[in-house]
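Using the numbering used here, read the sequence shown as starting at 1024 and increasing by one per residue.
Where is the CB? At the ideal position from N, CA and C, for every residue including glycine.
Since the structure comes first, as structure tokens, the remarks are kept for the end.
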Amino acid sequence: MPIDLESFREGYRVRTKMNELQELCSQSAVDRLFRTLERNVDIMALDRHNTSQINFESSLKQAVNIVTMFTDFDKYLAEHHYLLSDATLSRDLAFLKGSKDSFRKELRRLYVLRDGLLSALDHGNVLRDFVYPNEA
């Protein structure tokens, strides 16, 4: 039986995207990102120091990038839904969904903790739609 080269390529692309997201959402990376966000929000609340603002916005952009990658990946999977018939890939995707849910939970906690501060920033809509998908 010949190999379906297109399916093989798409499967490889999905695995590459999944690996990249898994790395960005590893527990240590997420912990570090959210610790940085929280610490700099605390500093900004006390003193509008420029450095904390820059650090905070840099970390926030990183969070936005991860959210955007998840959104793009979901769209990609919707377009290539036939890939979900691969049992190994489905198992890995379930694991990735767990990472996505954890990331969403951490972001939601930061939202609640900081009483909408994130909403007021440039990327507020992107993050809000990810944190509260049912309201988007």
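Exercise. Going along the chain, which residues of its own chain have a beta-carbon closer than 6 Å to the beta-carbon of Arg1058, five neighbours each way excluded?
Worked result: So the list is empty, once near-sequence residues are dropped.
Exercise. When the distance is taken between beta carbons, is Leu1106 closer than 8 Å to Met1041?
Worked result: Contact: no.
Exercise. How long is the line joining the alpha carbons of Phe1031 and Leu1044, rounded to whole angstroms?
Worked result: Rounded to whole angstroms, Phe1031 to Leu1044 spans 20 Å at the Cα level.
For this session: State the Cα-Cα distance for the pair Ile1089 and Leu1116, rounded to the nearest angstrom.
Result: C-alpha separation (whole angstroms): 16 Å.
Exercise. What is the rounded straight-line gap between the Cα of Glu1029 and the Cα of Gln1050?
Worked result: Roughly 33 Å between the two C-alpha positions.
Exercise. What span of residues does the alpha helix (DSSP H) with Asn1042 cover, start to end?
Worked result: Start and end: 1028-1047.
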